[in-house]
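Residue numbers (the UniProt record's numbering), protein chains in the order written: chain A, 1 to 535; chain B, 1 to 306.
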Amino acid sequence: MNTLAGTGALVRLILRRDRFLMPLWVVLMALVPMFLGSSIKQLYPTAAAVGEYARENLGNSTFIVLYGRIYDTSLGGVTFWRASSGMLIIGIISMLVVIRHTRVEEEAGRRELLGSAVVGRHAGLAAALIATICANLVLAVLLALGLTGLGLPAGGSFAAGLAWAATGGIFAAVGALVAQLTEGAGAARGVGVTVAGAAFLLRAVGDVAGEGADPSWVSWLSPLGWMSQMRAFGQEQWWVLAPAVALIALLVAVAFALQARRDVAAGLLPPRLGPAEASAGLRTPLALAWRLHRGSLIGWTAGFAVLGAVFGGVAKSAQDMLAGNQQLMEIFERMGGESALSDVVIVGTMGISALIASGYAVQATLRMRTEEAGLRSEPVLVTSVGRVSWALSHLVFALFGPLVAMAVEGLVTGLVYGVSVGDPGREIPRGLAAALVQLPAIWVLAGLTTALYGLRPRLAPAVGWAGLGVCLFLGLIGAAVQLSQAVLDVSPFTHIPKIPGGDLAGVPLVVLVAVAGALLALGLAAFRRRDVPVA
Amino acid sequence: MENIITASGLRKHFGSTRALDGLDLEVRRGEVHGFLGPNGAGKTTTIRVLLGLLKADAGTVRLFDGDPWNDATSLHRRLAYVPGDVTLWPNLSGGEVIDLLGRLRGGLDNKRKNELLERFDLDPKKKGRAYSKGNRQKVGLVAALASDVELLLLDEPTSGLDPLMEEVFRQVVAEEQARDGRTVLLSSHILSEVEALCDRVSIVRDGRTVETGTLTELRHLTRTTITAELASPPDGLADLAGVHELHVDGTQVRFEVDTPQLDAALRQLTAAGVRGLVSRPPTLEELFLRHYKTETNGEVKAEVAR
């Protein structure tokens, strides 16, 4: 039988299943460079201003780590450089899409069902790759059109688009390969994301270590490094597409070869086994919750440490930038209050971090909901564990997980910023205070989600995330679009004192903690009284 | 005899759906009680009420000497539960889940656990996400059966098990009862399983108990199938009250007869001279189906597995 029989039908199935998701990421990601370009254009209206901004940052190693090197100081070149993290994102999305349509299908047993129809052995993988690579090509065209719409040269615009699409294609092929390795889709995603992280790190290290205008050879080990060598809008190096296509072809060939050698649903790597017996400590609901939450606690804390290093690293240059830009200064003053410039930056970044940490709080709270809807709360609740202790075992992580993450971020920000201004002893406690003062507002969102979980469990995810969305909107955009103070006051984050620099007002903090406590108590009381499980 | 479970007049609504509509259930200490009914009859809802997970809208329910809703945690120390679809945490191994649930319940017999793992042929090292449906059921069964409890609530526990493992399950449940006098409420629609294991049976339909008693008592309420080879064509059988589905083919007769009229029908047969006789008591399946045939068109409404 033709091993590709049925590929066309499977491509249509993928497009049908992803008819909302795929257009969404393609369009959103294609718009990112255009928006970035237009906001850079607003901040630096003349070519000279953009050039000056670019030259100022040529040697900023924090920016080089995050975005790579600047190869061209025109608006287009700076836009391509600033948007470069989008290439990593598009790579990861493409990889996840391929895994979603290959290994996930196999794991769920749907691949088996299809395999019994007239569908060739390789059709599923081929269809996933075709759909994902085509989506990336559409993205390339949209991205290029968006940038030409800004008045940028067409050649550079298409170079940028193709660099993005090629990155997407490479990681789609990586996804095809890792999907062959493991039985579980989760493990495949883990391997794939690790590969993407390694590609980012190699690019970052290579770019920082480079001499003069060129990165070191280490960057060439990473596809992300090659693609930044497209040097869109500068001296475009179109030939970098050739190794990209070659790598895609190679990875796909290996993936197909591996697929030909294995059984459906089997992996090449043996599944990891666990212990045959529980450790002595695994005997309480809290111990179980620790097993369920520890991965995300470690992940969020590590992420916040990185965030702290980045914020701490850019704080000094941000100050310099702010000093010269009235418009940005206003935005930060709204977030950070009217105090010393250094304080404004720290307070502003902590305010943004607190909003992100609230995402963690809401997610950890909603774990109760996913456990219940997945019928995994039932086996615990029919033992001698009471409902409240079960709920509290999860809420411990919703309340104290963000505390750990914020504290780490505050310490790292204080340390990195302190070293850059030569006074870590002063900046570390200030960074920590700026981070921890945000917690009562974060807890209010955890409390809101818990209250809904008790009262109307089906609505809890929607309301929890919507609550965070409202806070994000009010915090980041609300003041800029001149909403009244009464509306801004809806967000608990509005009431957080601007520390360091401002007064440590105790009353709002106490009130916020009381509100959070009341919402938690309401949620727990309702949870005790309602039916379980609500599917 | 002392009742472990006493429920009467249980009612429960979910929105406009009526899940329980005056259900009664009595389970005595030391018995294996079959709880029969098709999907959607209210079996799982009843068990969740017994577990204190759902609060009944009306009716009374006693479990041991307590109220399942108010005394949930203390009662839960004395029972173990296996749902029809055991769900596991993807990143915990089966062995970890068995130990954890046992400890949360208040005790696990390690020797018994290892014996059960062997008999059910279950690898406890696999992670939750790697188990098949049948193996997830085994994890739930081992965790419950190895726990040191007085009452087992089993809600279609063998769904997904292969026939060999189903046989192991039957042996283990029979042993449990014989050895420790444990009480078991076994919800099932595998009728052979119930017939093999249960002392008494309750049949539910649309949230209400329609029949309850020992299998012998239930049989008494229904018909026996008679097939006979006679010396001469029978006479007067058709006019006899309580005879149904009569087929006469020369000297061959086949009919069903209500148990109270069995004696009279046999007299008619011996009058015609009996050459051969087969009498078959109703199977549980027939008992069960009798309650699920719609009165109007005689179609079987219920889904019955096996």
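Even for Gly, the Cβ is constructed at its ideal location relative to N, Cα and C. Just so we're clear, the structure is a prediction, and the values are computed from it rather than from any experiment.
Asked	Found
DSSP beta-bridge partners of Gln137(B)	None, per the DSSP bridge assignment.
Bridge partners - Ile47(B), DSSP secondary structure assignment	Note: Ile47(B) sits in no beta bridge, so no partner.
Whole-angstrom distance between Arg376(A) and Val404(A), CA atom to CA atom	27 Å
Residues that Leu10(B) contacts on chain A, provided the C-beta gap is smaller than 7 Å	Under the 7 Å cutoff, chain A gives no residues; its nearest Cβ is about 14 Å from Leu10(B).
Minimum C-alpha distance to Asn135(B) - residue among Gly106(B), Leu154(B), Thr87(B)	Thr87(B)
Whether Thr158(B) touches Arg29(B) by CB criterion (7 Å)	no
Reduced DSSP secondary structure (H/G/I, E/B, other) of residue 315(B)	Lying before the first or after the last residue shown, residue 315(B) is absent from chain B, which here runs from 1 to 306.
Extent of the continuous beta strand (DSSP E) run through Arg456(A)	Arg456(A) -> no beta strand (DSSP E), and no H or E assigned at all.
Within 8 Å of chain C by C-beta, residues of the stretch 64-79 of chain B in sequence order	In the structure shown, chain C cannot be found, because the protein chains are A and B.
Exposure of Ile298(A), with buried meaning 16 or more beta-carbon neighbours within 10 Å	exposed
Own chain partners of Ala19(B) with C-beta closer than 8 Å, once the 5 adjacent residues on each side are dropped	Lys12, His13, Gly42, Thr45, Gly207
The beta strand (DSSP E) enclosing Leu153(B), as first and last residue numbers	151-155
Through-space distance from Glu106(A) to Ala265(A), alpha-carbon basis	5 Å
Integer Cβ distance of Val194(B) from Val204(B), believed to fall under 8 Å	So it is not a contact: roughly 13 Å between Cβ atoms.
Contact with chain A by Asp99(B), beta-carbon distance below 7 Å	yes
Neighbouring residues, chain B, relative to Arg110(A) (Cβ below 9 Å)	Ordered by position in chain B, no residue passes the 9 Å Cβ test against Arg110(A), which lies about 15 Å from the chain.
Proximity to Pro429(A) [Cα-Cα], best of Leu10(A), Trp217(A), Ile346(A)	Ile346(A)
Val119(A) vs Gly6(A) beta-carbon contact at 7 Å	yes
Start-to-end residues for the alpha helix (DSSP H) that takes in Phe20(A)	Phe20(A) -> no alpha helix (DSSP H), and no H or E assigned at all.
Chain B contacts made by the stretch 372-395 of chain A, where a contact means CB separation under 7 Å	Gly374, Leu375, Arg376, Glu378, Pro379, Val380, Leu381, Val382, Thr383, Ser384, Val385, Gly386
Cβ of Glu211(B) within 7 Å of any chain A Cβ	no
For His220(B), the first and last residue of its enclosing alpha helix (DSSP H)	215-220
Outcome for Trp239(A) when other beta-carbon atoms lying within 10 angstroms are tallied against a minimum of 16	exposed
Chain-ordered chain A contacts of Leu53(B) [CB-CB under 8 Å]	Glu378, Leu381, Val382, Asp531, Val532, Pro533
Nearest-angstrom Cα separation, counted from Pro45(A) out to Ser317(A)	20 Å
Near-chain B residues of the stretch 258-282 of chain A - C-beta to any C-beta below 9 Å	Pro271, Arg272, Leu273, Gly274, Pro275, Ala276, Glu277, Ala278, Ser279, Leu282
Where Glu2(B) sits in the DSSP three-state scheme	coil
Minimum Cβ-Cβ distance from Ala518(A) to chain B less than 7 Å	no
Integer Cβ distance of Leu139(A) from Val26(A), believed to fall under 8 Å	5 Å
Proximal chain B residues relative to Gly184(A), where beta-carbon distance stays under 9 Å	Pro90, Lys127, Arg129, Ala130
Beta-carbon contacts of Lys138(B) that lie in its chain and below 6 Å, excluding the five residues immediately before and after	Phe120, Leu122
Span of the beta strand (DSSP E), counted from its first residue to its last, around Tyr81(B)	79-82
Partners in chain A for Asp155(B), counting only beta-carbon separations shorter than 8 Å	Under the 8 Å cutoff, chain A gives no residues; its nearest Cβ is about 11 Å from Asp155(B).
Any C-beta of chain A under 7 Å from that of Gly106(B)	yes
Listed by chain order, chain A residues near residue 347(B) by CB distance under 9 Å	Since the first and last residues shown for chain B are 1 and 306, residue 347(B) lies out of range.
Minimum C-alpha distance to Leu142(A) - residue among Val437(A), Phe158(A), Gly151(A)	Phe158(A)
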